[in-house]
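Enquirer: Sending over a structure as structure tokens; questions will come in a sec.
Residue numbers (the UniProt record's numbering): 1 to 390.
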């Protein structure tokens with residue numbers, strides 16, 4: 001008897017040991033499961049509208065700092081060559097003037113024109129190769145670098161500034177490889193969210209306008225023609241409403257850029273339209289006016305005057321804060337504008353889909369009505385055959 005009990009209990013021993021080991025291993029698996037859960041929640045949040053928007057802003061800011069650090073190391077030898085050409089030109093002009101001593105004006109004019117034409121041809125060739133007359137520190141300021149990153153990931157490609165170093169070119173390829181899919185995800189998500197919000201707002205306004213007509217509703221209730229189908233009728237946002245939203249947004253940007261960038265209203269309107277349409281010629285770019293040498297000198301002189309007037313440098317900090325706030329608003333304006341374009345795309349696509357469906361149903365009804373009219377006029381041949389048979 002004891003041996004039988006031992007044989008029966010012996011197979012259960014490994015199971016009990018496995019259960020004990022699983023129980024003992026459960027606490028060690030808890031941190032791993034918690035990490036997996038946190039990673040899953042983080043990925044889920046980053047796929048939402050807020051997460052994608054925050055990620056694309058963070059991606060653009062990091063790219064701006066990266067391009068600033070990479071491209072500022074570029075040593076441009078063209079500036080020294082241009083300076084040498086200018087000095088040689090001035091020396092030749094002085095030599096010609098000293099030699100002829102303005103005795104023969106015709107010879108002096110011909111020789112100086114020859115020197116100036118040669119200098120002009122050399123400078124034109126240098127500019128054609130990409131020389132802009134500014135140092136890398138002046139070109140790759142933070143506003144310009146941020147707009148460059150935005151033009152890369154949104155595929156606008158202004159072309160007003162390009163990386164010169166091999167590291168910068170390689171980083172641009174990698175940055176665009178990961179940034180463009182991120183922007184497409186933002187474009188689709190923001191389009192859905194804004195389309196849903198605008199549709200809700202339009203329906204609310206439509207319901208408010210419909211509720212004002214009390215007499216027609218009372219008559220419909222008395223006649224029994226107002227049912228659940230009328231209340232649940234699907235409301236489609238018309239394409240004209242989308243166009244008005246885009247026009248209002250473009251006019252807002254026109255006024256904003258005209259005041260901040262000191263552009264004309266036509267140039268500001270031109271920039272907003274070409275940017276939202278992703279044409280991006282690059283002749284007008286926000287922040288580019290802050291990177292010219294004249295503006296840098298003027299800004300430096302103004303800051304020196306402000307510091308001399310205010311030892312606490314409050315005006316300097318305020319001007320820097322104003323520039324950063326304008327930069328942030330410009331950046332948000334461009335991203336929100338892309339979202340509005342996606343919203344209008346979704347709403348117009350829905351309207352076209354509904355219109356095509358209605359046209360299809362109307363065509364079927366028209367064909368059926370034409371067939372019935374034709375049968376009523378000519379008679380059904382099957383009926384005449386049946387009468388002849390009987």
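Ideal placement from N, C-alpha and C gives every residue a C-beta, glycine not left out. Please read all numbers here as calculations on a predicted model, not as lab measurements.
1. Would residue 113 be called buried (16 or more neighbouring beta carbons within 10 Å of its own) or exposed?
2. Please return the same chain residues whose Cβ sits closer than 8 Å to the Cβ of residue 243, not counting the five positions on each side in sequence.
3. Is it buried or exposed, residue 183, if we count other Cβ atoms within 10 angstroms and call 16 or more buried?
4. What separation, rounded to the nearest whole angstrom, lies between the Cα atoms of residue 105 and residue 115?
5. Evaluate residue 141 with the Cβ neighbour count: other Cβ atoms within 10 Å of its Cβ, from every protein chain shown; 16 or more gives buried, anything less gives exposed.
6. Could you tell me whether the Cβ atoms of residue 342 and residue 187 are closer together than 7 Å?
7. Using the three-state DSSP reduction, which class does residue 142 fall into: helix, strand or coil?
8. Ignore the nearest five residues each way along the sequence and tell me which others in residue 152's own chain have a CB closer than 7 Å to its CB.
9. Who are the Cβ neighbours of residue 108 in its own chain at under 8 Å, not counting the five residues just before and after it?
10. Please state the DSSP three-state secondary structure of residue 73.
11. Where residue 229 and residue 235 are concerned, what is the direct C-alpha to C-alpha distance, given to the nearest angstrom?
12. Ignoring anything shorter than 4 residues or poking outside the UniProt domain "Potassium channel" (245-287), list the alpha helix (DSSP H) runs there in chain order.
13. If you measure between the beta carbons of residue 156 and residue 280, is that distance less than 7 Å?
14. Going by Cα to Cα distance, which pick from 348, 245 and 67 is closest to residue 139?
15. Could you give the residue range of the alpha helix (DSSP H) that holds residue 125?
16. State the DSSP-derived secondary structure class of residue 346, mapped to helix, strand or coil.
17. Mind reading off the beta-carbon distance from residue 50 to residue 185? Whole number of angstroms is fine, and I expect it under 8 Å.
18. For residue 272, which option in 192, 91 and 340 has the closest C-alpha, if you only look at C-alpha atoms?
19. Count the other CB atoms, across all protein chains shown, that sit within 10 Å of the CB of residue 247; report buried if there are 16 or more and exposed otherwise.
20. Quick one: what does DSSP say residue 161 is sitting in, helix, strand or coil?
21. Measure how close the beta-carbons of residue 351 and residue 239 come, nearest whole angstrom, since I'm counting them as under 8 Å.
22. Quick check on the burial criterion: 16 or more other C-beta atoms within 10 angstroms. Buried or exposed for residue 338?
23. Residue 360 CB to nearest chain B CB: under 7 Å?
24. In whole angstroms, give me the CA-to-CA distance for residue 374 and residue 368.
25. Below 8 Å on the Cβ atoms is my contact criterion, and I expect residue 346 with residue 192 to pass it. Report the Cβ-Cβ distance as a whole number of Å.
26. For residue 90, count neighbouring Cβ atoms within 10 angstroms of its own Cβ and tell me buried if that reaches 16, exposed if not.
27. Assign residue 149 to one of two classes, buried (16 or more other C-beta atoms within 10 Å of its C-beta) or exposed (fewer than that).
28. Taking all protein chains shown into account, do 16 or more other C-beta atoms lie within 10 angstroms of the C-beta of residue 23, making it buried, or fewer, making it exposed?
29. Any idea what DSSP makes of residue 156, helix, strand or coil?
30. What separation, rounded to the nearest whole angstrom, lies between the Cα atoms of residue 329 and residue 58?
31. Please tell me whether residue 146 and residue 64 are closer than 7 Å, where the distance is taken between their beta carbons.
Expert: Let me spell this out:
1. Walking along the chain shown from the start, residue 113 turns up at place 113. Burial call: exposed.
2. The residue labelled residue 243 in the question sits at position 243 within the chain shown. Around residue 243: 344.
3. By one-based count along the chain shown, residue 183 stands at place 183. It is buried - the Cβ of residue 183 has at least 16 other Cβ atoms within 10 Å.
4. The count along the chain shown starts at 1 and reaches residue 105 at position 105. The count along the chain shown starts at 1 and reaches residue 115 at position 115. Going from the Cα of residue 105 to the Cα of residue 115 covers about 15 Å.
5. Residue numbering aside, residue 141 sits at position 141 when the chain shown is read from its first letter. Classification of residue 141: buried, given that the 10 Å Cβ count is 16 or more.
6. Walking along the chain shown from the start, residue 342 turns up at place 342. Walking along the chain shown from the start, residue 187 turns up at place 187. For residue 342 and residue 187, yes; Cβs fall inside 7 Å.
7. Taking the first residue of the chain shown as position 1, residue 142 is located at position 142. Correct three-state label for residue 142: helix.
8. The residue labelled residue 152 in the question sits at position 152 within the chain shown. Excluding sequence neighbours, residue 152 sits near 172, 175, 176 and 179.
9. Residue numbering aside, residue 108 sits at position 108 when the chain shown is read from its first letter. Correct list, in chain order: 96, 97, 100 and 102.
10. Translated into the one-based positions of the chain shown, residue 73 becomes position 73. Under the three-state reduction of DSSP output, residue 73 falls in the coil class, being neither helix nor strand.
11. Looking up residue 229 in the chain shown gives position 229. Looking up residue 235 in the chain shown gives position 235. With a pLDDT of only 41 at residue 229, under the threshold of 50, the placement of this residue in the model should not be trusted, and no figure is reported.
12. If we require 4 residues or more, the alpha helix (DSSP H) runs fully inside the UniProt domain "Potassium channel" (245-287) come out as 265-276.
13. As a working note, residue 156 is residue 156 in the chain shown. As a working note, residue 280 is residue 280 in the chain shown. Between residue 156 and residue 280, the gap from beta carbon to beta carbon is short of 7 Å.
14. Working through the chain shown from its first residue, we reach residue 139 at position 139. Closest by C-alpha distance to residue 139, out of 348, 245 and 67, is 67.
15. Residue mapping note: residue 125 aligns to position 125 of the chain shown, counting from 1. Counting along the chain, the alpha helix (DSSP H) containing residue 125 begins and ends at 105-128.
16. As a working mapping, residue 346 is identified with position 346 in the chain shown. Reduced to three states, the DSSP call for residue 346 is helix.
17. By one-based count along the chain shown, residue 50 stands at place 50. By one-based count along the chain shown, residue 185 stands at place 185. About 13 Å separates the two Cβ atoms, so there is no contact after all.
18. Here the question's residue 272 lines up with position 272 in the chain shown. It is 340.
19. Start at 1 with the first residue of the chain shown, and residue 247 comes out as number 247. Exposed, since its Cβ has fewer than 16 Cβ neighbours within 10 Å.
20. For this step, residue 161 is matched to residue 161 along the chain shown. In the structure shown, residue 161 sits in coil (DSSP, three-state: anything other than H, G, I, E or B).
21. By one-based count along the chain shown, residue 351 stands at place 351. By one-based count along the chain shown, residue 239 stands at place 239. So it is a contact: roughly 6 Å between Cβ atoms.
22. As a first step, residue 338 is located in the chain shown; it is residue number 338 there, counting from the start. Result: buried.
23. Protein chain content of the structure displayed is limited to a single chain, and chain B is not contained in it.
24. The residue given as residue 374 occupies position 374 in the chain shown. The residue given as residue 368 occupies position 368 in the chain shown. So the alpha carbons of these two residues sit roughly 10 Å apart.
25. On the chain shown, position 346 is the one that residue 346 refers to. On the chain shown, position 192 is the one that residue 192 refers to. So it is a contact: roughly 7 Å between Cβ atoms.
26. Residue numbering aside, residue 90 sits at position 90 when the chain shown is read from its first letter. Here residue 90 is exposed, its C-beta having fewer than 16 other C-beta atoms within 10 Å.
27. Counting from one through the chain shown, the residue named residue 149 turns up at place 149. Label assigned to residue 149: buried.
28. Position 23 of the chain shown, counted from the start, is the residue given in the question as residue 23. Confidence at residue 23 is low in this model, with a pLDDT of 45, below 50, so the placement of that residue is unreliable and no value is reported for it.
29. Translated into positions along the chain shown, residue 156 becomes position 156. For residue 156, the three-state secondary structure derived from DSSP is coil.
30. Reading the chain shown from its first residue, position 329 is the one you call residue 329. Reading the chain shown from its first residue, position 58 is the one you call residue 58. A straight-line Cα-Cα distance of about 15 Å links residue 329 and residue 58.
31. Walking along the chain shown from the start, residue 146 turns up at place 146. Walking along the chain shown from the start, residue 64 turns up at place 64. A Cβ-Cβ contact shorter than 7 Å links residue 146 with residue 64.
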